[in-house]
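Right, one structure below, let's go through it.
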Amino acid sequence: MNDSWPVVAELDAVRRLRVIARSTPGTGFAQCVVDAPFDRVWGLVSDLENQLPLMITDICSFTVTSAAGERLEALARSPLGLRARFDIVLRPGWCLMQSRFVLGGMAAAAEPDGTRLAFFGGLRLPGIGLADPVLRPLMAPPAARALRRLTARLDAPGG
11 MNDSWPVVAE LDAVRRLRVI ARSTPGTGFA QCVVDAPFDR VWGLVSDLEN
61 QLPLMITDIC SFTVTSAAGE RLEALARSPL GLRARFDIVL RPGWCLMQSR
111 FVLGGMAAAA EPDGTRLAFF GGLRLPGIGL ADPVLRPLMA PPAARALRRL
161 TARLDAPGG
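Here the sequence shown is numbered in my numbering, starting from 11 and rising by one per residue.
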């Protein structure tokens, strides 16, 4: 028997988020590398109340209603007045959010040339796995748009 077995493979936050996105039916995933240090990127990303309404057009307000360490609860409102309560885990480089019908998250990992940043989102509905081959390609563009909207603010003056 080999003394170095079992080998533990550590995944950074972006790779963990990709695993969740790829194993959850009906989700879209996008990632990019931004030319900015991790602390600056995550400082912007973790400002959920201000950034999520700018990233996702279906959210007009996002209000954190309680926080206990890395666990938060928030209320999202849509432009049509719909509301959803989210349970959130937020720690440096990692944000995972879920409501009754929506699942999403963001992750970041330091890279030699900047920060690798990822976003994913999708629906939590019964039987959604059957529609995954149709939904997944439809969910990828909104995930990429949300990520572009966020990274554009990193490029903006004062961002």
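Every residue gets a Cβ at the ideal spot worked out from N, C-alpha and C, and that includes glycine. Since the model is a prediction, treat every value here as computed from it, not as a measurement.
CB residue i to CB residue j, shorter than 9 Å?
| i | j | result |
| --- | --- | --- |
| Ala46 | Ala128 | no |
| Phe48 | Thr125 | yes |
| Gly131 | Ile66 | yes |
| Gly115 | Leu27 | yes |
| Cys105 | Ala117 | yes |
| Leu64 | Arg159 | yes |
Let's test the definition: count the other Cβ atoms within 10 Å of the Cβ of residue i and tell me whether it reaches 16, buried, or not, exposed.
| i | result |
| --- | --- |
| Val144 | exposed |
| Phe111 | exposed |
| Thr75 | exposed |
| Ala23 | buried |
| Gly103 | buried |
Please go through the same chain and pick out, in chain order, the residues whose beta-carbon is closer than 8 Å to the beta-carbon of residue i, but skip the five residues on each side of it.
| i | result |
| --- | --- |
| Arg93 | Leu85, Ala86, Arg87 |
| Leu164 | Val44, Ala46, Arg50, Val51, Leu54 |
| Glu80 | Val99, Leu100, Arg101 |
Whose C-beta lies closer than 7 Å to the C-beta of residue i among residues of the same chain, with five residues either side of it excluded?
| i | result |
| --- | --- |
| Ala154 | Ala40 |
Residues bridged to residue i by DSSP?
| i | result |
| --- | --- |
| Phe130 | Phe39, Gly115 |
| Gln108 | Asp97, Leu113 |
| Ser76 | Glu83 |
| Thr125 | Val44, Ala120 |
| Ser71 | Arg87 |
Would you tell me roughly how many angstroms separate the C-alpha atoms of residue i and residue j, rounded to the nearest one?
| i | j | result |
| --- | --- | --- |
| Ser109 | Asp97 | 6 Å |
| Arg178 | Gly38 | Residue coverage of the chain in this structure runs from 11 to 169, which leaves residue 178 outside it and unanswerable. |
| Thr73 | Glu59 | 6 Å |
| Pro35 | Ile69 | 22 Å |
| Ala100 | Pro147 | First, the amino acid is wrong: residue 100 is Leu here, not Ala. Whole-angstrom Cα-Cα distance: 27 Å. |
| Pro157 | Pro151 | Just to set this straight, residue 157 is Leu in the shown sequence, not Pro. One C-alpha to the other measures close to 10 Å. |
| Asp149 | Ala78 | Note on identity: in this sequence residue 149 is Met, with Asp being the wrong assignment. If you take the alpha carbons of Met149 and Ala78, they lie about 31 Å apart. |
| Met107 | Gln61 | 14 Å |
| Val17 | Ser71 | 45 Å |
| Ser56 | Glu83 | 14 Å |
Would you say the beta carbon of residue i is closer than 8 Å to some non-hydrogen atom of the ligand COA?
| i | result |
| --- | --- |
| Asp45 | Of ligands this structure carries none, so the ligand COA is not represented either. |
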